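Structure, as structure tokens:
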Amino acid sequence: MSRDTIQTYFDAFNAGDTPAMLDCLTEDVAHHVNEGQVRIGKEKFGDFCDHMSRCYAENLTDMVIFLSEDGTRAAAEYTVNGTYKATDAGLPEATGQTYKLPAGSFFSLQDGKISRVVTYYNLADWVRQVS
1 MSRDTIQTYF DAFNAGDTPA MLDCLTEDVA HHVNEGQVRI GKEKFGDFCD
51 HMSRCYAENL TDMVIFLSED GTRAAAEYTV NGTYKATDAG LPEATGQTYK
101 LPAGSFFSLQ DGKISRVVTY YNLADWVRQV S
């Protein structure tokens, strides 16, 4: 079931379906943003998704999901294929640039839901691609 939760989460991401992503999370989910602060709770996660959807259009491909034997932890490696739609504060100006990045996510799972999400990508590589 945990593998299904992770797959459902990423399928919802690719569909741009934030409510379906939120359905995969515990109420007190800890969201560790790449080079950012930890956000606690579904509401803050949803706010983050809204912001990301405004600034970026992304699709994840080449997905490989890994699951611990006890089903409490998971990881995924993938390629982010994106378009920079609107300028994000503190980052280069958006003009519709496209980018392609290797990335990964780490998860804690609790009762079939995601209780922790950690995402990593190389920000310097992204900046180079959109500058």
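Residue 113 in our numbering sits at position 113 of the sequence shown; the count goes up by one each step and never skips. Where is the CB? At the ideal position from N, CA and C, for every residue including glycine. Since the model is a prediction, treat every value here as computed from it, not as a measurement.
Counting only the Cα atoms, R116 lies some 29 angstroms from P92. Between G36 and D28, the C-beta gap is not smaller than 8 angstroms, which leaves the two residues out of contact.
If you look at L22, you'll find it in the alpha helix (DSSP H) that goes T18 to D23. Taking the CA atoms as reference points, E77 sits about 10 angstroms from Y120. In the three-state reduction of the DSSP assignment, E93 falls in the coil class. For K85, the CB contacts under 8 angstroms within the same chain, skipping 5 residues up- and downstream, are R54, C55, Y56, A57, A94 and G96 in chain order. N34 and L123 do touch by the CB rule: their CB atoms are close to 7 angstroms apart, below 8 angstroms. Remark: fewer than three beta-carbon pairs, one from each stretch, lie closer than 8 angstroms, so the stretch 15-27 and the stretch 62-75 are not flagged as touching. For T79, there is no enclosing alpha helix (DSSP H); the residue is found in the beta strand (DSSP E) stretching over R73 to Y84. For Q110, the enclosing beta strand (DSSP E) covers residues T98 to Q110. By the 16-neighbour rule on beta-carbons within 10 angstroms, T98 is exposed. Boundaries of the alpha helix (DSSP H) around E43: K42 to C55.
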